[in-house]
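**Student:** The opening residue of the sequence shown carries number 2 in my numbering; numbering runs sequentially from there.
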Amino acid sequence: DLPLHYYFNINMKKSLLLFAPAMIASVAAQAQRYNIVYIMTDDHTAQMMSCYDNRFVETPNLDRIAADGVKFVNSYVANSLSGPSRACMITGKHSHKNGFTNNEHGIFDGSQQTMPKLMQKAGYQTAIIGKWHLVSTPTGFDYFNILPAQGDYYNPNFINMDGTQTREKGYVTNIITDKAIDWMEHKRDKSKPFILFIHHKACHRAWLPELKYLREYENKTFALPENFYDDYEGREAAKTAEMQIGKHMDIVYDTKMYTPGANTYLTENYMNMVGRLNSKDRAEYDYFYDSLAIDFNNRHLTGKALDEFKYQRYMRDYAKVVKSLDDNVGRTLDYLKQAGLLDSTLVVYTSDQGFYMGEHGWFDKRFMYEESLNTPLVMRLPKGMKTRGEVKEMVQNIDYAPTFLQIAGAPIPSDIQGTSLLPLLQGKHPKNWRKSIYYHYYEYPAEHAVKRHYGVRSSDGYKLMHFYNDINKWELYDLNKDPHEMHNIYGQPGTEKLTKRLMTELIRLQKQYDDKDGLKFNNMGK
């Protein structure tokens, strides 16, 4: 059969069967192939996307993608950290195989095989605009215009293909979208299919809003998660992590409660970020946040009152950043429709991982607990793919590379560890689909002090995790009874068969993915 991305009617198919194979290949090469627009954000969690969870915000444009295609409800990452997650996506391999295990010391080896390079070989144009965060210069892209390191929300710099940097005026989410649309409209070769990576800085810390949305959500009081005051009983690694909103969220950098003379350890960083604003915009920004800071300082909050104040400021600013993001997803969809590209383009939206919105009292990610292991994944399907609704199979970010390659009609190298999602997009439910996913986090000691760990998460709702290196602790969860992962049942009577089953599956996955370090640490004083 011809690849499924080619448009042929029944009569054409019958006719082609009469031709020689070389003639079939020639005709196929000239047929239309799907473009791919891959939109990825930073730290955008499913809780803050209304097609997944409508308690907090509305995201009508993101929801449009799901409504015109599919929403994956069991979507996971292989390593919940920005750079490593991006490396997994672009290679289709786990961190130990692509070599980029952590942000602190990682430099992505751009000489290795990557999905964009393979897409180029398949005749696709490749472009990336926005956040790169892999340190090395992008390879495998016909065009790139990327943010240095984390980038800035206001008047950001961009790295050009010649290595120079240009400062752009405006808000980063708008600028990235402007550049993406400009590339599609003016810079690409319109005779070829393309894959465009639109990588937004949003919703990364410190959640600086677009000025027109400064007052958005200010009248909304967000409900505290029921485990906001988690005491981490039975979870030693959780106790030592430094990501509690009350204890570790910086009052200036994160909540913007700056007053002259303030001197937290992140005050200088904060002043540098807002210092990029011009005098007019800075005056508008300061008028809004200074009034909040004066009121805050007059209240002299302590204890739970202070913790909950920080939570509300965090939620409001994060929500404002999401609002601009959603606007720009809408702009991208509208452009594709206006340009006549929507029917021939697969639009993918996801994040580099999930994020804690006060669950367990936390912000940030890193842990294998559900909120950061999960990542939103929705796809607007082009003409010819009729599947709609929820996809319940377990998928992982190592699956994106083989999916795009199969859609492009390109061979999938045997060393790619992910599995193509194309059968799921076609409405199929393969009986041999994975029943578990593997996770491995490496960045310790480092910011937020989350211990190194790995684990297995099964499709029937169980999870086994091992924290190792300077600690040796196992955790076991029954997510069917304990969806918020409050009760570590590892070692409890009655869990022996479950533990053995998950341990067997963990070892199987470590062997399948060739994670020798994981296998080695399994036997630490177990």
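Using N, Cα and C, we set each Cβ at its ideal position, and we do this for glycine too.
1) At the level of alpha carbons, what is the spacing between L343 and Y144?
2) For N158, which of helix, strand or coil comes out of DSSP?
3) Determine contact between the segment 316-331 and the segment 196-211, defined as no fewer than three beta-carbon pairs at a distance below 8 Å.
4) DSSP three-state label for Y7, please.
5) Report the option in A67, G390, Q427, F522 whose CA atom is closest to the CA atom of Q407.
6) Please tell me whether I37 and L307 are closer than 7 Å, where the distance is taken between their beta carbons.
7) Mind reading off the beta-carbon distance from N156 to K170? Whole number of angstroms is fine, and I expect it under 8 Å.
8) So, is N10 buried or exposed, given that buried needs 16 or more other C-beta atoms within 10 angstroms?
9) If you reduce the DSSP assignment to three classes, tell me which class F468 lands in.
10) Does I108 pass the burial test, meaning 16 or more other C-beta atoms within 10 Å, or should it be called exposed?
11) Taking A284 as part of the alpha helix (DSSP H), name the residues at either end of that continuous run.
12) Can at least three beta-carbon pairs, one atom from the segment 171-188 and one from the segment 94-107, be found at a separation below 8 Å?
13) Are the beta-carbon atoms of E394 and L82 separated by less than 7 Å?
14) Give me, in chain order, the residues of the same chain whose beta-carbon lies closer than 6 Å to that of P194; leave out the 5 immediate sequence neighbours on both sides.
15) Look at Y401 and Y514 and say whether their C-beta atoms are less than 7 Å apart.
16) Does DSSP put L422 in a helix, in a strand, or in coil?
17) Can you check DSSP and say which residues form a bridge with L477?
18) Keeping to the same chain, check which residues put their C-beta closer than 6 Å to that of P431; ignore five residues upstream and five downstream.
19) For H301 and L267, what's the separation of their Cα atoms in angstroms?
20) Pick out whichever of E371, D231, M250 has its Cα sitting closest to the Cα of Q459.
21) In or out: D190 buried (at least 16 other Cβ within 10 Å) or exposed?
22) Determine the extent of the beta strand (DSSP E) in which V323 is found, giving its start and end residues.
23) With distances taken Cα to Cα, identify the nearest neighbour of T351 among L63, F57, V58.
24) Would you say I399 and G111 are within 7 Å of each other, going by their C-beta atoms?
25) Could you compute how far the alpha carbon of A68 sits from the alpha carbon of S51?
26) If you measure between the beta carbons of T256 and R314, is that distance less than 7 Å?
27) Ordered along the chain, which non-local residues of its own chain (more than five positions away) have a Cβ less than 6 Å from that of L215?
28) Taking all protein chains shown into account, do 16 or more other C-beta atoms lie within 10 angstroms of the C-beta of E486, making it buried, or fewer, making it exposed?
29) Pull up the CB-CB distance for L209 and Y154, whole angstroms please, since I reckon it's below 8 Å.
30) With a 10 Å radius around its C-beta and 16 neighbouring C-beta atoms as the bar for buried, classify Q354 as buried or exposed.
31) Rank D416, G141, R435, R283 by C-alpha distance to the C-alpha of I196 and give the top, closest one.
32) For a test of the three-state rule: what should DSSP assign to M41, helix, strand or coil?
33) Are there 16 or more other CB atoms within 10 angstroms of the CB of Q166, so buried, or fewer, so exposed?
34) For R87, does the three-state DSSP call read helix, strand or coil?
35) Between S27 and the rest of its own chain, which residues show a CB-CB distance below 6 Å, the 5 nearest in sequence each way excluded?
36) Reducing DSSP to helix, strand and coil, say where H361 ends up.
**Tutor:** Considering the structure as presented:
1) As the crow flies, the alpha-carbon of L343 is around 22 Å from that of Y144.
2) Strand.
3) Remark: three or more beta-carbon pairs, one from each stretch, lie closer than 8 Å, so the segment 316-331 and the segment 196-211 are flagged as touching.
4) Summary for Y7: the model assigns pLDDT 37, below 50, so the residue's position carries little reliability; its value from the coordinates is reported in the next sentence. In the structure shown, Y7 sits in coil (DSSP, three-state: anything other than H, G, I, E or B).
5) When each option's Cα is compared against that of Q407, the closest is Q427.
6) Here I37 is not near L307, since their CB atoms are 7 Å or more apart.
7) In this structure, N156 and K170 form a Cβ contact; the two beta carbons are roughly 6 Å apart against a cut-off of 8 Å.
8) Interpretation of N10 is limited by its pLDDT of 38, a score under 50 that renders its predicted location unreliable; no figure is taken from the coordinates.
9) Of the three classes helix, strand and coil, the one that applies to F468 here is strand, per DSSP.
10) Counting Cβ neighbours within 10 Å, I108 comes out exposed, since fewer than 16 surround it.
11) Counting along the chain, the alpha helix (DSSP H) containing A284 begins and ends at 280-300.
12) The segment 171-188 is not in contact with the segment 94-107.
13) Contact: no.
14) Contacts found: R34, N36, Y125.
15) No Cβ-Cβ contact shorter than 7 Å links Y401 with Y514.
16) Correct three-state label for L422: coil.
17) Beta-bridge pairing links L477 to L465.
18) The answer, listed in chain order, is P424.
19) If I take the Cα positions, the gap works out to 21 Å.
20) Rather than Gln, the amino acid found at residue 459 in this sequence is Ser. Of the candidates E371, D231, M250, E371 places its Cα closest to the Cα of S459.
21) D190 is exposed by the Cβ-count criterion.
22) Not the beta strand (DSSP E): V323 falls in the alpha helix (DSSP H), residues 304-339.
23) Ranking the options by Cα distance to T351, first place goes to L63.
24) Not closer than 7 Å, so no.
25) The straight-line gap from Cα to Cα measures roughly 12 Å.
26) Contact: yes.
27) Result list for L215: F289, in chain order.
28) Answer is buried; the Cβ neighbour count reaches 16.
29) That pair is a contact at about 4 Å.
30) Per the 10 Å Cβ criterion, buried.
31) The residue with the shortest Cα to Cα distance from I196 is G141.
32) Here DSSP, grouped into helix, strand and coil, assigns M41 to strand.
33) The residue in question, Q166, is exposed, as its Cβ has fewer than 16 Cβ neighbours within 10 Å.
34) In the three-state DSSP reduction, R87 falls in the helix class (H, G or I).
35) Its pLDDT being 32, under 50, S27 is placed unreliably by the model, and the measurement read from it follows with that caveat. Cβ neighbours of S27 within its own chain (closer than 6 Å, five residues either side excluded): none.
36) Here H361 sits in helix by DSSP.
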